[in-house]
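Residue numbers (my numbering): -1 to 277.
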Ligand code: GLN
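What follows is the structure, encoded as structure tokens:
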């Protein structure tokens, strides 16, 4: 009998040790009750009540971005990554009891980094598209984007139709890149690793125009003399955070905070800080 108990005991110990060993990722429960109590009518998943989630590194929220996309993400004089997206991520990380870490990479690497579990979220003025939804989940949308065309002042390009046969600069793997290749042919499109380089190519006459999101376009036009933005817009879009399809719990927790911060005007306040209202 004693032997049997000993066997059962040691089996139990092995089982519990195995269970400990499996826990390489910390489970973090959201600290904020605010997110839940201020949550009147959002479409956030119901599972948020029991939202327990894991992150790539315990205690951290790792965000992938491409910090050449002002005012959503860019670097200050001290090489710190700042902007609308880092501020939103910092707010959500704080509410979830996590420390924010930002990793700067090419825009085209962000979805893979999320998918392969190298980072927790991609937050990069990223447009929700059907194709991307095949690979990642998206959070609630927190901002709108518009694809626009930057041209040199006095350019003969006056409307979207005039792009036919012109050299169009874009940022690699962005919606602007995809739409321009579809509409004007890959031979007419030159893809750059980021918006800054695409605009530099425009300034030095290597491309005839740049198709890029409207707010970065305004920042680039302000920073470079002799450029202007066409009045006609190319496409309207929704921005959201990309989160792994394997981490529904993180998506629910992230959305619970984001939806509450959208509802109480905090997110709009952050956006307004960087993008003064036009009207
Ligand atoms: N909104 C565009 C996209 O998602 C561009 C984003 C970016 O360059 N950071 O493709």
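For every residue, glycine included, the Cβ atom is placed at its ideal position computed from N, Cα and C. All figures in this text were calculated on a predicted structure; none of them were measured in a lab.
Listed as beta-bridge partners of residue 218 by DSSP are no residues whatsoever.
The nearest non-hydrogen atom of ligand 1 is 8 angstroms or more from the C-beta of residue 167. For a cut-off of 8 angstroms, the C-beta gap from residue 257 to residue 142 is around 17 angstroms, too long to register as a contact.
Under DSSP, residue 211 shares a beta bridge with 145. At least one heavy atom of ligand 1 falls within 8 angstroms of the beta-carbon of residue 122. Annotation for residue 161: no alpha helix (DSSP H) segment contains it, and DSSP assigns it neither H nor E. If you draw a straight line from the Cα of residue 246 to the Cα of residue 107, it is about 21 angstroms long. The continuous alpha helix (DSSP H) containing residue 112 extends over residues 108 to 113. Here DSSP, grouped into helix, strand and coil, assigns residue 78 to coil.
In this structure the region 153 to 168 touches the region 196 to 213; the number of beta carbon pairs closer than 8 angstroms is three or more. Residue pairing of residue 135 in beta bridges, as defined by DSSP: 241. A distance of 9 angstroms or more separates the beta carbons of residue 124 and residue 111.
Relative to the non-hydrogen atoms of ligand 1, the Cβ of residue 60 never comes closer than 8 angstroms to any of them.
Assignment of beta-bridge partners to residue 169 by DSSP yields 190.
In this structure, ligand 1 has no non-hydrogen atom nearer than 8 angstroms to the beta-carbon of residue 133.
Segment contact: the region 224 to 240 against the region 129 to 141, three or more CB-CB distances shorter than 8 angstroms; contact assigned. Taking a 10 Å sphere around the C-beta of residue 244, we find fewer than 16 other C-beta atoms and assign the residue as exposed.
A straight-line Cα-Cα distance of about 7 angstroms links residue 240 and residue 121. For residue 264, the secondary structure class from DSSP, reduced to helix, strand or coil, is helix.
Looking only at 176, 221, 170, the smallest Cα-Cα distance to residue 196 is reached by 170. Around residue 265, the same chain offers 86, 140, 259 as residues with beta carbons nearer than 7 angstroms, after the five sequence neighbours per side are excluded.
Closer than 8 angstroms to some heavy atom of ligand 1: that describes the Cβ of residue 70. Just measuring C-alpha positions, the residue of 58, 79, 55 sitting nearest residue 65 is 79. Residue side-chain check: residue 150 keeps its Cβ at 8 angstroms or more from all non-hydrogen atoms of ligand 1. Residue 65 carries a coil assignment under DSSP once its states are collapsed to helix, strand and coil. Per DSSP, the unbroken beta strand (DSSP E) holding residue 227 starts and ends at 225 to 227. In the structure shown, residue 96 falls within a coil segment according to DSSP collapsed to helix, strand and coil.
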